[in-house]
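Using our numbering, the letters of the sequence shown correspond one by one to residues 29 to 386.
One structure below.
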Amino acid sequence: MIIVFALFIVLSFVLISGDTLRKHPLPFYLGAALLCAVSLALRALGIYNFTYSGIVAGALFIPVMYAGVFPPGSFGAKKLMPVRAQLSIIGGTFAIEHSLAYLDVTIKRAFSNLGNANAVLSLLISIALLAVMLPLFITSFKFIRKKMDGKKWKKLQRMAYAFYALMYVHVLIFMLPKAIGGVAGYVEKVAIYSFLFITYLFCRIYREAFKNDKKTMVKRQMLSTVGILTVSLMFFISVSLTNHSQAKKNEAMPDVEDAAGEVLLEEKKADGVYYGEGMGNNGKIGVEVTLSDGQIKKIEIVKFPDDEDYFDINTDGAKMIQSMIEAQKSDVDTISGATYSSMGVIDAVEDALSDAQD
Numbered sequence: 029m030i031i032v033f034a035l036f037i038v039l040s041f042v043l044i045s046g047d048t049l050r051k052h053p054l055p056f057y058l059g060a061a062l063l064c065a066v067s068l069a070l071r072a073l074g075i076y077n078f079t080y081s082g083i084v085a086g087a088l089f090i091p092v093m094y095a096g097v098f099p100p101g102s103f104g105a106k107k108l109m110p111v112r113a114q115l116s117i118i119g120g121t122f123a124i125e126h127s128l129a130y131l132d133v134t135i136k137r138a139f140s141n142l143g144n145a146n147a148v149l150s151l152l153i154s155i156a157l158l159a160v161m162l163p164l165f166i167t168s169f170k171f172i173r174k175k176m177d178g179k180k181w182k183k184l185q186r187m188a189y190a191f192y193a194l195m196y197v198h199v200l201i202f203m204l205p206k207a208i209g210g211v212a213g214y215v216e217k218v219a220i221y222s223f224l225f226i227t228y229l230f231c232r233i234y235r236e237a238f239k240n241d242k243k244t245m246v247k248r249q250m251l252s253t254v255g256i257l258t259v260s261l262m263f264f265i266s267v268s269l270t271n272h273s274q275a276k277k278n279e280a281m282p283d284v285e286d287a288a289g290e291v292l293l294e295e296k297k298a299d300g301v302y303y304g305e306g307m308g309n310n311g312k313i314g315v316e317v318t319l320s321d322g323q324i325k326k327i328e329i330v331k332f333p334d335d336e337d338y339f340d341i342n343t344d345g346a347k348m349i350q351s352m353i354e355a356q357k358s359d360v361d362t363i364s365g366a367t368y369s370s371m372g373v374i375d376a377v378e379d380a381l382s383d384a385q386d
């Protein structure tokens, strides 16, 4: 639901300060760049803030996307079209911040988990998004646009459709597995994003198909919006009911604190309790690993800054810990849809084991 709140803030800003943004965009560009720089610095210190999560960039790009579907002369077109380029630049700034925050981690985790389709696909989509966005971002600046041939500039801007499609795929890769898996909050997130992107697709098609018949255009757009909203609600209700019916199975997790596998560690480690850290989504994840008789007897997540709706330590964490104890190693499968948090736990356990001495 955060995306809805973020969209409300962006649209309110456009209504209140749209003219100022259009006439004097430079202070807003500099402010966004400064905010992103501070945000990345805080992340390096392990302090979470939501600006690099991608939500801000998404909330800025969605109005840019929808600016092209409103009928000419309509209220939406009058408010959004004049600031479309400015919102694109600010959104691009936050998208670059998002890439700087996560791309290196995404690359590392994809190559260390080549068998994990989700991790590899996430990397490929992220690279494609960045490759498509950068030309659009650069050519949105007025002084660069003026130097380009008009036809070439318009042709380049058609890449925006590919960018919007990749954005939706990017969202689904991260959120859909968690929604289907029953993680709280993710069914509605998928429903909201699906409604926004699929509604845009149909409205944009009708905008082009009936550009000379405004009445039919608006009618088709309204009907498609209602229809997609209905389907999105049906998805939300259906998946929510399915997840609810499986809740008892999900809650029936084994007690992993005292479980121990039969397989010995590759190298015998000294008994004791060892602490380790690994980088998650929002900061460093901390674990305590208990070794006894050369085996992993217990793993406890003692510090977890990530969103627990994204990676629930009582279910997702318990599954990973159980796998590690049974296999007597940290290299286990990640949780689908929560790659960053999963790898943070794995890295933390590896860090703890590296401190154990013979």
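All residues carry an ideal CB built from backbone N, CA and C; glycine is no exception.
Q. Rounded to a whole number of angstroms, what is the C-alpha to C-alpha distance between Asp379 and Ile83?
A. 31 Å
Q: Could you name each continuous alpha helix (DSSP H) segment of 4 residues or more that falls completely within the region 318-372, going from the start of the chain to the end?
A: 344-355
Q: Buried or exposed for Ser154, please, with buried defined as at least 16 other CB atoms from any protein chain shown within 10 angstroms of its CB.
A: Flag for Ser154 reads buried.
Q | Same chain only: Cβ atoms within 6 Å of Val301, ignoring 5 sequence neighbours per side | A | Glu316 and Thr318
Q: Might you give, ordered along the chain, the residues of its own chain that have their beta carbon closer than 6 Å to the beta carbon of Phe89, omitting 5 neighbours on each side?
A: Gly119
Q) Is Asn146 near the ligand MN, judged by its Cβ being under 7 Å from some heavy atom? A) Absence of the ligand MN from the depicted structure is noted, as is the absence of any ligand whatsoever, leaving it without description.
Q) Assuming Ala207 and Thr121 make a contact with CB atoms under 8 Å, what is their CB distance in whole Å? A) Contact doesn't hold; Cβ gap of about 29 Å is too wide.
**Q.** Whole-number beta carbon distance between Ala384 and Gly314, since they are thought to touch under 8 Å
**A.** Contact doesn't hold; Cβ gap of about 16 Å is too wide.
Q: For the region 47-63 and the region 100-115, state whether three or more C-beta atom pairs, one from each stretch, are separated by less than 8 Å.
A: Three or more beta-carbon pairs drawn from the region 47-63 and the region 100-115 are found closer than 8 Å, and the two stretches are therefore classed as touching.
Q. Terminal residues of the continuous beta strand (DSSP E) containing Gly82?
A. First-last for Gly82: undefined, no H or E at that position.
**Q.** Phe169 to Gly345 span [Cα, whole Å]
**A.** 45 Å
Q) Roughly how many angstroms separate the alpha carbons of Leu43 and Val92, rounded to a whole number? A) 14 Å
Q | Limits of the unbroken beta strand (DSSP E) element including Val111 | A | From DSSP, Val111 is part of no beta strand (DSSP E); its letter is neither H nor E.
**Q.** Thr167 versus Tyr189 - alpha carbon distance
**A.** The alpha-carbon atoms of Thr167 and Tyr189 are separated by roughly 16 Å.
Q: Would you kindly check if the distance between the Cβ of Lys107 and the Cβ of Gly46 is under 8 Å?
A: yes
Q. Taking the alpha helix (DSSP H) that Met195 falls in, what are its first and last residues?
A. Met187 to Ile208
Q | Rounded separation between Ala237 and Val38 - CA only | A | 29 Å
Q. Can the beta-carbon of Ile30 be found less than 8 Å from the beta-carbon of Gly311?
A. Not closer than 8 Å, so no.
Q: May I ask you to report which of helix, strand or coil DSSP gives Asn278?
A: Bear in mind that the predicted position of Asn278 carries a pLDDT of just 47, short of 50, making it unreliable; the figure below should be weighed with that in mind. The answer is helix: DSSP assigns Asn278 an H, G or I state.
Q) Beta carbon of Arg235, beta carbon of Gly96: below 8 Å? A) yes
Q) Roughly how many angstroms lie between the CA atoms of Leu35 and Leu261, to the nearest whole one? A) Answer to the nearest angstrom: the Cα atoms are 20 Å apart.
Q) Alpha carbon to alpha carbon, how far is Ala145 from Leu73? A) 31 Å
Q) According to DSSP, which residues form a beta bridge with Tyr303? A) Glu316
Q. Any idea what DSSP makes of Val97, helix, strand or coil?
A. coil
Q: With DSSP collapsed to three states, give me the class of Thr167.
A: coil
Q) How would you call Val373, buried or exposed, if buried means at least 16 neighbouring beta carbons within 10 angstroms? A) buried
Q. Where Ile341 and Tyr214 are concerned, what is the direct C-alpha to C-alpha distance, given to the nearest angstrom?
A. 16 Å
**Q.** Nonlocal neighbours in the same chain, by C-beta distance under 6 Å from Ser222, ignoring five residues either side
**A.** Closer than 6 Å at the Cβ level, and outside the excluded window around Ser222, lie Ser260.
Q: Classify Glu285 as helix, strand or coil using the three-state DSSP reduction.
A: Residue placement at Glu285 cannot be trusted, given a pLDDT of 41 that sits under 50; the coordinates are not used to answer.
Q) How is the alpha helix (DSSP H) around Lys217 delimited, first residue to last? A) It spans Tyr214 to Ala237 - the alpha helix (DSSP H) in which Lys217 sits, taken as one unbroken run.
Q | Proximal residues to Ile172 (C-beta, below 7 Å), its chain only, five neighbours per side dropped | A | Ile166
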